[in-house]
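Chains as they are written, first to last, in my numbering: chain B, 1 to 172; chain C, 1 to 121.
The C-beta atom is built at its ideal place from N, Cα and C for all residues, glycine as well.
Structure first, then comments.
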Amino acid sequence: RSLNQAVLQNVNKAQIKVKTKNDNVAGVNLPVFESFQDGADSYELAGLAKGGQQLKRLKANYQKAINLLVELASLQTSFITLDEVIKTTNRRVNAIEHVIIPKIERTLAYIISELDELEREEFYRLKKVQDKKKKIKKQKEEAAAERKAKGLDTADEGGDIFNEDHDEDLLF
Amino acid sequence: MAAEAAYKGRQLIAVIGDEDTVTGMLLAGVGHVDKKQKKNFLLVDNKTTVGQIEEAFLEFTTRTDIAVLMINQHVASDIRPIIEAYDQAFPALLEIPSKDHPYDPKQDSMLKKIEKMFERD
Numbered sequence: 001r002s003l004n005q006a007v008l009q010n011v012n013k014a015q016i017k018v019k020t021k022n023d024n025v026a027g028v029n030l031p032v033f034e035s036f037q038d039g040a041d042s043y044e045l046a047g048l049a050k051g052g053q054q055l056k057r058l059k060a061n062y063q064k065a066i067n068l069l070v071e072l073a074s075l076q077t078s079f080i081t082l083d084e085v086i087k088t089t090n091r092r093v094n095a096i097e098h099v100i101i102p103k104i105e106r107t108l109a110y111i112i113s114e115l116d117e118l119e120r121e122e123f124y125r126l127k128k129v130q131d132k133k134k135k136i137k138k139q140k141e142e143a144a145a146e147r148k149a150k151g152l153d154t155a156d157e158g159g160d161i162f163n164e165d166h167d168e169d170l171l172f
Numbered sequence: 001m002a003a004e005a006a007y008k009g010r011q012l013i014a015v016i017g018d019e020d021t022v023t024g025m026l027l028a029g030v031g032h033v034d035k036k037q038k039k040n041f042l043l044v045d046n047k048t049t050v051g052q053i054e055e056a057f058l059e060f061t062t063r064t065d066i067a068v069l070m071i072n073q074h075v076a077s078d079i080r081p082i083i084e085a086y087d088q089a090f091p092a093l094l095e096i097p098s099k100d101h102p103y104d105p106k107q108d109s110m111l112k113k114i115e116k117m118f119e120r121d
């Protein structure tokens, strides 16, 4: 009992302290505790009176215990820190999956549909032009054949200015 | 990051426990009394009130120079709601057995939290 009193009274500066180091694991900054002796052992002379050996062992055991406990504390804090990081990462994943990706997909779909529409319009226009050209060609051939049959066309005929071949205006 | 600043400079190990536990820890060199006569340990006996324990717990967890807080499990059970609500990364909270109360993992708040985290995963 008196030992306990003596120990309690004799506290001044902590000799066992904890140093924190930073460990980087998979991109996460994790704290690591390391115990170290700081300065002289206050209780070096304790127990010289009675039971000195036991006291020494007791002290050593407690110090071992503390080292293990410090290690345990490190693991615990790492755990909590990692948990926070996991929660944050999950939130990010959810945001990307449910907001960003659908938005991009919608934009993509829109672009594709617009391109399809333009392509169809282009097609249609092309067809129309082709049809019209075919029609004009057919009309010309018929007219030429008719004039020949009536004997109007000769090789020399220059034709008047008004009959000169000129590009028909394409009217729709 | 803010977390890094939170633990730089934390060096002490604090203890809240019964006479044997505290004496042993102090013997190993954990005890510290600063200039303002503030101690980093609380000896809990049958005269200590729950309020005092709470106060000490609050003080040790808000001080910026304590990295680890060890508390006897039976004492932790006295202030169990506060322990359950504790969610700081620093100081690290460790429940330790005492001579008369062996360690019971079912009571450890930390382990319960850790279990919950695994369930979520």
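#### Entry: Where Thr89 of chain B falls: helix, strand or coil (DSSP)
helix
### Message
Does the CB of Leu58 of chain C have a neighbour CB from chain B at under 7 Å?
### Response
no
### Query
How is Ser35 of chain B classed by DSSP in three states: helix, strand or coil?
strand
#### Entry: Three-pair Cβ contact test at 8 Å for the segment 58-70 of chain B versus the segment 23-38 of chain B
yes
### Message
With a threshold of 7 Å between beta-carbons, can Gly51 of chain C be considered close to chain B, or not?
### Response
no
### Query
Are Ile66 of chain C and Leu26 of chain C touching if we call contact CB-CB under 7 Å?
no
### Message
Could you compute how far the alpha carbon of Ala73 of chain B sits from the alpha carbon of Leu108 of chain B?
### Response
51 Å
### Task
Please determine, among B:Lys87, B:Asp23, B:Tyr110 and B:Val11, the residue with the shortest C-alpha to C-alpha distance to Val33 of chain C.
B:Val11
### Query
Considering only the beta carbon of each residue, do Val18 of chain B and Val22 of chain C sit closer than 7 Å?
no
### Query
Does the beta-carbon distance from Asp18 of chain C to Asn72 of chain C come in below 7 Å?
yes
### Per-residue burial, Gly51 of chain C [other beta carbons within 10 Å of its own, 16 or more giving buried]
exposed
### Task
Mind listing the chain C neighbours of Asn94 of chain B? Cutoff is C-beta to C-beta under 7 Å, in chain order.
The premise fails here: Asn94 of chain B is roughly 14 Å from chain C at the closest Cβ pair, so nothing lies under 7 Å.
### With 16 other Cβ atoms within 10 Å as the buried cut-off, status of Ser113 of chain B
exposed
### Task
Could you tell me the distance, in whole angstroms, from the CA atom of Glu121 of chain B to the CA atom of Lys133 of chain B?
18 Å
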